[in-house]
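In our numbering, the protein residues as written are 169 to 358.
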């Protein structure tokens, strides 16, 4: 048996090094930042367009419907602000190095999972809310059964549209969860 220990310094220096493509990384950062800013803008645009429609139609709509729609708009404002807060990591970040980018990406992927999950649940709750609004209008004689029946094609289309977001949001949540887990696994292997 010899007392000589192997030269780990030479072995360590022979390890392959993965070069980081900074141009690609910068491109991905800018794209992610642009997308998050676009989503924030789109969220607020949708909110203000909806609010504008309610204000424009205020006098033509039954008072009960206006009250319910304003309640829905308060909920929508809360969700819009919450989504913007969740998007803040990528939308407002300045990236100094790859470690900071990785941490920001992990936070944003985690938040994107939350956004997708909330989008999924807002799909079915919106359907329930839509049916509830029409039900209340009929119960309080603000809308006749005949008028409700005439609006069934529009109501059905809205339900299908809202329901269509649910599988999409579920796929997005799984995608973001997988990307997040991949990033965690990469860190563990480094």
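Just so it is clear, CB atoms sit at the ideal spot from N, CA and C, and this is done for glycine as well.
### Query
Where does residue 252 sit, in a helix, a strand or coil, going by DSSP?
helix
### Query
Looking at residue 305 and residue 233, is the spacing between their C-beta atoms short of 9 Å?
yes
### Task
Ignore the nearest five residues each way along the sequence and tell me which others in residue 257's own chain have a CB closer than 6 Å to its CB.
272, 275 and 276
### Query
Grouping DSSP H, G and I as helix and E and B as strand, with all else coil, what is residue 230?
coil
### Message
Looking at residue 340: is its Cβ nearer than 9 Å to the Cβ of residue 284?
### Response
yes
### Query
Once you ignore the five residues that flank residue 294 on each side, which residues in its own chain have a CB closer than 7 Å to its CB?
330
### Task
Following the continuous alpha helix (DSSP H) through residue 310, name the residue where it begins and the one where it ends.
From DSSP, residue 310 is part of no alpha helix (DSSP H); its letter is neither H nor E.
### Query
Measuring from the CB of residue 253, is there a heavy atom of the ligand FMN at a distance below 8 Å?
Absence of the ligand FMN from the depicted structure is noted, as is the absence of any ligand whatsoever, leaving it without description.
### Task
State the Cα-Cα distance for the pair residue 204 and residue 255, rounded to the nearest angstrom.
6 Å
### Message
Measuring only the C-alpha atoms, how far is residue 348 from residue 326?
### Response
33 Å
### Task
Please report how far the alpha carbon of residue 244 lies from the alpha carbon of residue 357, in whole angstroms.
42 Å
### Message
Beta-carbon within less than 7 Å of residue 337's beta-carbon, same chain only, minus the 5 sequence neighbours each way: which residues are those?
### Response
284, 287, 288 and 291
### Message
Using a Cβ-Cβ cutoff of less than 7 Å, which residues in the same chain neighbour residue 248 once the five nearest sequence positions on both sides are dropped?
### Response
211, 212 and 215
### Query
CB-CB under 8 Å to residue 230, same chain, minus the five flanking residues each way: which ones, in chain order?
305, 310 and 311
### Task
Please work out which residues of its chain come closer than 7 Å, Cβ to Cβ, to residue 208, disregarding the five sequence neighbours upstream and downstream, and give them in chain order.
252, 255 and 259
### Query
Measuring CB to CB, does residue 313 end up less than 9 Å from residue 236?
no
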